[in-house]
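Numbering (our numbering), first residue to last: 21 to 252. All C-beta atoms, glycine included, are put in the ideal place defined by N, C-alpha and C.
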Amino acid sequence: MYNVLVCDDQEDILSALQIYLEAEGYNVCLTKNGEQALAALKGQSFHLVLMDIMMPIKDGVSTVAEIRRSSNVPVIFLTAKSEDADKILGLTVGADDYITKPFNPIELLARVRSAIRRYVSLGGVVTTTDSSSRISIGGIEVDDDAKSVSRDGELIFLTPTEYQILYFLMRQPGKVFSSSQIYSGVWGETALGADNTIAVHIRHLREKLEYDPADPRYLKVVWGQGYKFDHK
21 MYNVLVCDDQ EDILSALQIY LEAEGYNVCL TKNGEQALAA LKGQSFHLVL
71 MDIMMPIKDG VSTVAEIRRS SNVPVIFLTA KSEDADKILG LTVGADDYIT
121 KPFNPIELLA RVRSAIRRYV SLGGVVTTTD SSSRISIGGI EVDDDAKSVS
171 RDGELIFLTP TEYQILYFLM RQPGKVFSSS QIYSGVWGET ALGADNTIAV
221 HIRHLREKLE YDPADPRYLK VVWGQGYKFD HK
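Next comes the structure, spelled out in structure tokens:
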């Protein structure tokens with residue numbers, strides 16, 4: 021059974037999320053601000069965090085920035101329709117996805133299942149000598165058994181979503197994928213307005229993998245078409 025941490029200062033949102041999630045069999049922990057959420061994370065392991073952005077005491081953005089210093093637990097932001105700038109900021113500090121309030125319960129639960137599935141798939145480390153599980157291009161190597169990424173032999177810390185995007189692109193080096201194709205391939209669902217979400221994650225990957233993110237060697241943009249992992 022998976023543990024989900026919910027952080028929102030609105031009682032009706034907390035109550036609704038608890039009902040939806042518990043009906044699906046999740047263990048749910050409710051918190052009302054970032055400080056409570058951080059305290060909960062110190063005392064228990066979670067498979068997913070649902071985080072509001074605008075909250076008293078400690079807001080969602082600063083809370084996720086602090087979470088990312090020590091954990092790669094997936095985070096989905098809960099945002100209002102008018103908070104487009106906050107959506108981008110949330111992804112910038114390390115959130116994996118966002119969903120707009122008021123949310124559709126079916127869409128919410130689909131996002132929850134998708135995020136947990138990606139996270140759990142990265143949870144086990146298996147030692148193997150079978151090189152077929154590894155993709156090595158230039159100085160970047162992905163070991164899909166160990167769920168690890170290295171650059172010139174140095175391990176790189178990626179979130180589950182960043183890992184899945186990189187692995188998706190590296191499996192077909194040189195091929196250009198649109199933002200929608202990447203989103204569908206990684207999240208397992210279609211999404212309207214995926215461009216900003218993918219763009220932010222690609223920027224994070226460049227910052228971690230490229231020696232010069234402003235002049236990337238590996239993660240290239242093909243203007244008007246999408247992204248590719250350059251194999252040259």
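Provide the residue span of the beta strand (DSSP E) that contains I157, from first to last. In the sequence shown, counting from the first residue as 1, residue 157 sits at position 137. Looking at the DSSP string, the run of the beta strand (DSSP E) that includes I157 is R154 to I157.
Run through DSSP, which three-state label would F123 get? Locating residue 123 in the sequence shown gives position 103, where the first residue counts as 1. Correct three-state label for F123: coil.
The beta strand (DSSP E) with R171 in it runs from where to where? For this step, residue 171 is matched to residue 151 along the sequence shown. Element bounds for R171: S168 to R171.
V48 - partner residues in DSSP beta bridges: For the purposes of this step, residue 48 is taken as the residue at position 28 of the sequence shown. For V48, which the question treats as bridged, DSSP gives the partners V24.
Using three-state DSSP, classify V146 as helix, strand or coil. Position 126 of the sequence shown, counted from the first residue, corresponds to residue 146. Low per-residue confidence applies at V146: pLDDT is 31, beneath 50, and the placement is therefore not dependable enough to give any value.
I'd like to know whether the C-beta atoms of N23 and Q56 end up nearer to each other than 8 Å. Taking the sequence shown and counting its residues from 1, the one referred to as residue 23 is at position 3. Taking the sequence shown and counting its residues from 1, the one referred to as residue 56 is at position 36. No, they are not a contact pair.
Beta carbon proximity, M75 to chain D, threshold 8 Å: Of the protein chains in this structure there is only one, and it is not chain D.
Taking DSSP as the reference, what is the three-state secondary structure of M71? Counting from 1 along the sequence shown, the entry for residue 71 is found at position 51. It is a strand residue.
Whose C-alpha, out of P94, L34 and L41, is nearest the C-alpha of E181? Taking the sequence shown and counting its residues from 1, one reaches residue 181 at position 161. A small fix is needed here, since residue 181 is Thr in this sequence, not Glu. T181 has its Cα closest to that of P94, out of P94, L34 and L41.
Top-ranked residue by Cα proximity to V241, from I119, V196, E86 and G205: In the sequence shown, counting from the first residue as 1, residue 241 sits at position 221. With respect to the C-alpha of V241, the residue from I119, V196, E86 and G205 having the closest C-alpha is V196.
To the nearest angstrom, how far is the alpha carbon of V113 from that of L178? Along the sequence shown, one-based indexing puts residue 113 at 93. Along the sequence shown, one-based indexing puts residue 178 at 158. Going by the C-alpha atoms only, they are around 13 Å apart.
Find out if the Cβ-Cβ distance for the pair I218, Y203 is shorter than 8 Å. Within the sequence shown, the letter at position 198 stands for residue 218. Within the sequence shown, the letter at position 183 stands for residue 203. Yes, they are a contact pair.
Simplified DSSP state of Y17, which is helix, strand or coil: This structure gives no information on residue 17, because the portion of the chain shown stretches from 21 to 252.
Of the residues L58, S35 and A59, which one's Cα is nearest the Cα of V48? Within the sequence shown, the letter at position 28 stands for residue 48. The shortest C-alpha separation from V48 is found at S35.
Skipping 5 residues on each side, what residues in its chain have a beta carbon closer than 8 Å to that of L225? Against the sequence shown, residue 225 aligns to sequence position 205. Cβ neighbours of L225 within its own chain (closer than 8 Å, five residues either side excluded): L178, E182, I185, L186 and L239.
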